Amino acid sequence: MDTVALLTVLVLAGFTGYEVIAKVSSTLHTPLMSGSNAISGIILVGTVVVAARADSALSVTLSLIAVVLATINLVGGFVVTDRMLQMFKARKAPAADREAAK
Amino acid sequence: MSPALAGLAYLIAAVCFIVALKALSSPKRARLGNAVGAVGALIAVAVVFAVERPDNLWLILAALGVGAAIGVFAAQKVAMTAMPQMVAIFNGLGGAAGAIVALLELGGATQATPIGQLAVAGFTILVGAVAFSGSMIAYARLQELLTGRPLIFPGMRWLFSGLLAAALVTGAWIPFGAPFWVALALTAASVVIGVLFVLPVGGADVPIVIALLNAFSGITVAAGGYVLGNSLLIVAGTLVGASGILLTQLMAKAMGRPLLNILFGAFAGGSTLGATTVSARPVRSAAPEDIAIQLGFARRVIIAPGYGLAVAQAQHALRDLADELQKRGVEVLYAIHPVAGRMPGHMNVLLAEADIPYRALKEMDEINPEFRTTDVALVVGANDVVNPAARTESGSPIYGMPILAADEAQAVVFLKRSMRPGFAGIENELLHDPKTTLLFGDAKDSLRKLAAAVKAL
Numbered sequence: 009m010d011t012v013a014l015l016t017v018l019v020l021a022g023f024t025g026y027e028v029i030a031k032v033s034s035t036l037h038t039p040l041m042s043g044s045n046a047i048s049g050i051i052l053v054g055t056v057v058v059a060a061r062a063d064s065a066l067s068v069t070l071s072l073i074a075v076v077l078a079t080i081n082l083v084g085g086f087v088v089t090d091r092m093l094q095m096f097k098a099r100k101a102p103a104a105d106r107e108a109a110k
Numbered sequence: 023m024s025p026a027l028a029g030l031a032y033l034i035a036a037v038c039f040i041v042a043l044k045a046l047s048s049p050k051r052a053r054l055g056n057a058v059g060a061v062g063a064l065i066a067v068a069v070v071f072a073v074e075r076p077d078n079l080w081l082i083l084a085a086l087g088v089g090a091a092i093g094v095f096a097a098q099k100v101a102m103t104a105m106p107q108m109v110a111i112f113n114g115l116g117g118a119a120g121a122i123v124a125l126l127e128l129g130g131a132t133q134a135t136p137i138g139q140l141a142v143a144g145f146t147i148l149v150g151a152v153a154f155s156g157s158m159i160a161y162a163r164l165q166e167l168l169t170g171r172p173l174i175f176p177g178m179r180w181l182f183s184g185l186l187a188a189a190l191v192t193g194a195w196i197p198f199g200a201p202f203w204v205a206l207a208l209t210a211a212s213v214v215i216g217v218l219f220v221l222p223v224g225g226a227d228v229p230i231v232i233a234l235l236n237a238f239s240g241i242t243v244a245a246g247g248y249v250l251g252n253s254l255l256i257v258a259g260t261l262v263g264a265s266g267i268l269l270t271q272l273m274a275k276a277m278g279r280p281l282l283n284i285l286f287g288a289f290a291g292g293s294t295l296g297a298t299t300v301s302a303r304p305v306r307s308a309a310p311e312d313i314a315i316q317l318g319f320a321r322r323v324i325i326a327p328g329y330g331l332a333v334a335q336a337q338h339a340l341r342d343l344a345d346e347l348q349k350r351g352v353e354v355l356y357a358i359h360p361v362a363g364r365m366p367g368h369m370n371v372l373l374a375e376a377d378i379p380y381r382a383l384k385e386m387d388e389i390n391p392e393f394r395t396t397d398v399a400l401v402v403g404a405n406d407v408v409n410p411a412a413r414t415e416s417g418s419p420i421y422g423m424p425i426l427a428a429d430e431a432q433a434v435v436f437l438k439r440s441m442r443p444g445f446a447g448i449e450n451e452l453l454h455d456p457k458t459t460l461l462f463g464d465a466k467d468s469l470r471k472l473a474a475a476v477k478a479l
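Here it is, written out as structure tokens:
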């Protein structure tokens with residue numbers, strides 16, 4: 009892709025990101041951080057590209073290390089975010105629950 | 023796989039990521055959104071294998087498997103209280119991976135490689151390595167392997183500036199046929215820069231630094247995407263960068279200080295360097311039974327939780343106390359300061375883990391007018407976020423930080439481990455206020471005693 013096209017993508021993604029994230033409620037700021045952190049683990053795609061093209065023992069080793077690190081970031085990030093979000097339940101206050109039980 | 027088809031698949035993955043972030047505007051849809059994001063990532067990874075058709079496929083898949091196993095294990099194992107550390111480590115690893123990608127691209131560069139691409143590769147190394155080492159220092163600080171107070175040594179400012187200048191010079195040399203060792207030197211300098219960047223930031227300001235480092239790793243991914251000519255990496259990295267920058271701004275606003283002051287305040291001297299001496303002035307402490315009476319006969323109690331709650335893993339004990347109070351008809355609300363805890367929104371996650379409905383958690387602006395008509399403000403393991411010095415003492419390091427107006431409640435109860443000052447190391451006037459009562463001890467222990475005492479009323 010040529011530079012201008014990439015720059016276009018960059019700028020539009022920047023605005024999209026800002027608009028989307030500005031609406032995130034402060035209750036979910038920690039999941040937002042860990043979720044966006046998981047997304048940055050997509051550098052895994054880049055590490056696979058360099059690993060596939062690596063031709064020396066050193067570059068193969070380095071790129072495989074990068075694959076491992078990026079995968080930890082990506083997979084761990086999504087799993088930990090899921091664990092967090094699982095806990096956010098829209099429930100009534102406990103007192104109200106007990107009222108309902110009566 | 024044809025490039026057009028791959029590009030289309032990357033577009034779908036990018037849309038999945040945007041959907042994942044957008045879903046976070048409501049706790050109801052957030053979990054589904056996260057799953058959509060994971061599917062997007064899966065598509066993208068499958069596509070890159072189909073496009074590259076690597077000869078060493080099995081080696082790469084093995085590395086992938088190792089990483090996935092470590093990631094899942096760590097993510098399942100970590101306690102909710104240790105979440106900030108975990109995110110810091112993950113973040114650092116992503117940054118390191120980005121820096122390695124750029125380094126290898128530079129190593130394989132030829133005469134034909136465009137100057138712009140080389141320059142951005144240098145930039146990727148710088149930001150990625152800083153994100154890596156900075157995150158590791160933030161981790162060490164959060165894990166309390168390092169002191170919470172700013173660490174500075176004589177000449178640190180000059181070393182930092184010198185290294186930054188050296189990094190910029192080597193970075194500027196790279197596009198113009200610099201030998202490979204220059205890229206390695208840049209990597210080394212960047213790692214040290216990251217360390218020197220985070221060391222002087224005081225413990226109370228760590229949430230901001232984590233948000234900023236998150237933005238750095240996003241920028242690394244975007245820049246790496248430019249180097250590889252991969253639009254998905256650019257979109258994903260930019261999204262993360264925007265989110266990190268936005269959170270950083272929100273946090274800085276919540277601390278009432280400009281970002282540069284937070285980051286480089288310790289370099290200039292002062293800032294979060296507070297008193298470390300334990301005050302000898304008298305305070306009033308009471309037995310759990312006395313405080314239980316205070317709480318049990320109140321009409322409204324506002325709980326202000328802080329990091330001490332997380333350290334003591336006391337979120338479930340807190341919930342039990344709140345249940346006992348609610349049984350007696352006491353209204354219980356939670357006041358969440360934006361920077362309570364060690365990362366943005368940390369308290370919300372902890373209390374959610376204890377099944378406290380998120381509707382009972384009130385943001386600072388919403389709850390502050392309520393303190394005046396509140397009988398007891400119960401401060402659990404928090405200190406700086408209720409310190410009136412932020413309003414009154416212009417010389418105080420936290421001066422200007424918006425705080426929870428706990429001091430406006432009819433009575434204040436502190437659950438504290440000791441008289442040691444908070445993470446920022448500043449003494450709290452409110453502890454010596456005549457309407458304040460202290461209950462010393464581990465937060466979990468104290469909360470259990472209080473719940474039992476309220477039940478016995």
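Protein chains in written order, with the numbering used here: chain R, 9 to 110; chain C, 23 to 479.
No residue lacks a Cβ here, since even glycine has one placed at the ideal position from N, Cα and C.
Note that this is a predicted model, so its numbers are computed, not measured.
Check                                                                                                                                                                                                   : Outcome
Starting from leucine 383 of chain C, trace the beta strand (DSSP E) in both directions and tell me its first and last residue.                                                                         : 383–385
State the CB to CB distance for the pair leucine 532 of chain C and asparagine 409 of chain C, rounded to an integer number of angstroms; the pair is presumed to be in contact (CB under 8 angstroms). : Here chain C covers residues 23 to 479 and nothing more, so residue 532 of chain C does not appear.
For chain R, find out if any of its Cβ atoms is closer than 7 angstroms to the Cβ of serine 265 of chain C; answer yes or no.                                                                           : yes
Rounding to the nearest angstrom, what Cα-Cα distance links leucine 343 of chain C and alanine 475 of chain C in this structure?                                                                        : 10 angstroms
What is the DSSP secondary structure of lysine 457 of chain C, reduced to helix, strand or coil?                                                                                                        : coil
Under the three-state reduction of DSSP, which class applies to valine 70 of chain C: helix, strand or coil?                                                                                            : helix
Can you find a CB in chain C that lies within less than 7 angstroms of the CB of threonine 38 of chain R?                                                                                               : yes
Under DSSP, the alpha helix (DSSP H) around leucine 400 of chain C begins and ends at which residues?                                                                                                   : Counting along the chain, leucine 400 of chain C falls outside any alpha helix (DSSP H), though it belongs to the beta strand (DSSP E) covering 398–402.
Does glycine 463 of chain C have its Cβ less than 7 angstroms from a Cβ in chain R?                                                                                                                     : no
Please tell me whether isoleucine 256 of chain C has its Cβ less than 7 angstroms away from any Cβ of chain R.                                                                                          : yes
Could you give the DSSP three-state label for glutamate 451 of chain C: helix, strand or coil?                                                                                                          : helix
Under the assumption that leucine 347 of chain C contacts valine 402 of chain C (Cβ atoms under 8 angstroms), give the Cβ distance between them as a whole number of angstroms.                         : Wrong, their Cβ atoms sit about 13 angstroms apart, outside the cutoff.
What are the residues in the region 59–77 of chain R lying within 9 angstroms of chain C by C-beta distance?                                                                                            : Ala59, Ala60, Arg61, Ala62, Asp63, Ser64, Leu66, Ser67, Val68, Leu70, Ser71, Leu72, Ile73, Ala74, Val75, Val76, Leu77
My assumption, with CB atoms under 8 angstroms, is that alanine 244 of chain C sits in contact with glycine 263 of chain C. Please give the rounded CB distance.                                        : 6 angstroms
What residue range does the beta strand (DSSP E) around alanine 484 of chain C cover?                                                                                                                   : Past the edges of chain C, shown from 23 to 479, lies residue 484 of chain C, and the structure says nothing about it.
Enumerate, from N- to C-terminal direction, the unbroken alpha helix (DSSP H) stretches of 4 or more residues contained entirely within the region 308–391 of chain C.                                  : 310–318, 329–333, 337–349, 368–375, 386–389
With 16 as the cutoff for other CB atoms within 10 Å, does alanine 478 of chain C come out buried or exposed?                                                                                           : exposed
Identify which residue in C:Ala45, C:Ile92, C:Val231, C:Asn236 has its Cα closest to the Cα of phenylalanine 286 of chain C.                                                                            : C:Val231
Considering just the uninterrupted stretch of the beta strand (DSSP E) at leucine 426 of chain C, what are its terminal residues?                                                                       : Premise fails: leucine 426 of chain C is in no beta strand (DSSP E) and is neither H nor E.
For threonine 11 of chain R, count neighbouring Cβ atoms within 10 angstroms of its own Cβ and tell me buried if that reaches 16, exposed if not.                                                       : exposed
Can you tell which of C:Leu235, C:Leu400, C:Asn113 has its C-alpha closest to the C-alpha of glutamate 353 of chain C?                                                                                  : C:Leu400
Contact between the region 130–139 of chain C and the region 96–109 of chain C is defined here as three or more beta-carbon pairs at a separation below 8 angstroms; is this criterion met?             : no
Residues of chain R with CB under 7 angstroms from asparagine 56 of chain C, in chain order?                                                                                                            : Gly43, Phe86, Thr89, Asp90, Leu93
Please report the distance separating the alpha-carbon of arginine 381 of chain C from that of isoleucine 92 of chain C.                                                                                : 35 angstroms
Is valine 257 of chain C helix, strand or coil when you go by DSSP?                                                                                                                                     : helix
When DSSP labels each residue in this structure, what does lysine 31 of chain R get in the three-state scheme?                                                                                          : coil
Would you give the residue range spanned by the alpha helix (DSSP H) that leucine 82 of chain R belongs to?                                                                                             : Unbroken run through leucine 82 of chain R: none, as it is neither H nor E.
Can you tell me which of C:Pro456, C:Ala411, C:Ala211 puts its alpha carbon nearest to the alpha carbon of serine 307 of chain C?                                                                       : C:Pro456
Mind listing the chain R neighbours of proline 360 of chain C? Cutoff is C-beta to C-beta under 7 angstroms, in chain order.                                                                            : Ser34
To the nearest angstrom, report how far apart threonine 260 of chain C and valine 142 of chain C are at their CA atoms.                                                                                 : 15 angstroms
Which residues does DSSP list as the beta-bridge partners of phenylalanine 436 of chain C?                                                                                                              : C:Val401, C:Leu460
Using 7 angstroms as the threshold, is the C-beta distance between leucine 46 of chain C and leucine 36 of chain R below it?                                                                            : yes
Please list the residues of the region 365–384 of chain C that have a C-beta atom closer than 7 angstroms to any C-beta atom in chain R, keeping them in chain order.                                   : Met365, Pro366, Gly367, His368, Asn370, Val371, Ala374, Glu375, Pro379, Tyr380, Ala382, Leu383
Going along chain C, which residues have a C-beta under 7 angstroms from valine 17 of chain R?                                                                                                          : Ser253, Ile256, Val257
Closest to isoleucine 241 of chain C by C-alpha separation, out of C:Ala124, C:Leu86, C:Ala427, C:Asn405, would be which residue?                                                                       : C:Ala124
Taking Cβ-Cβ distances shorter than 9 angstroms, what residues in chain C pair up with valine 12 of chain R?                                                                                            : In chain order: nothing, as chain C lies at least about 11 angstroms away.
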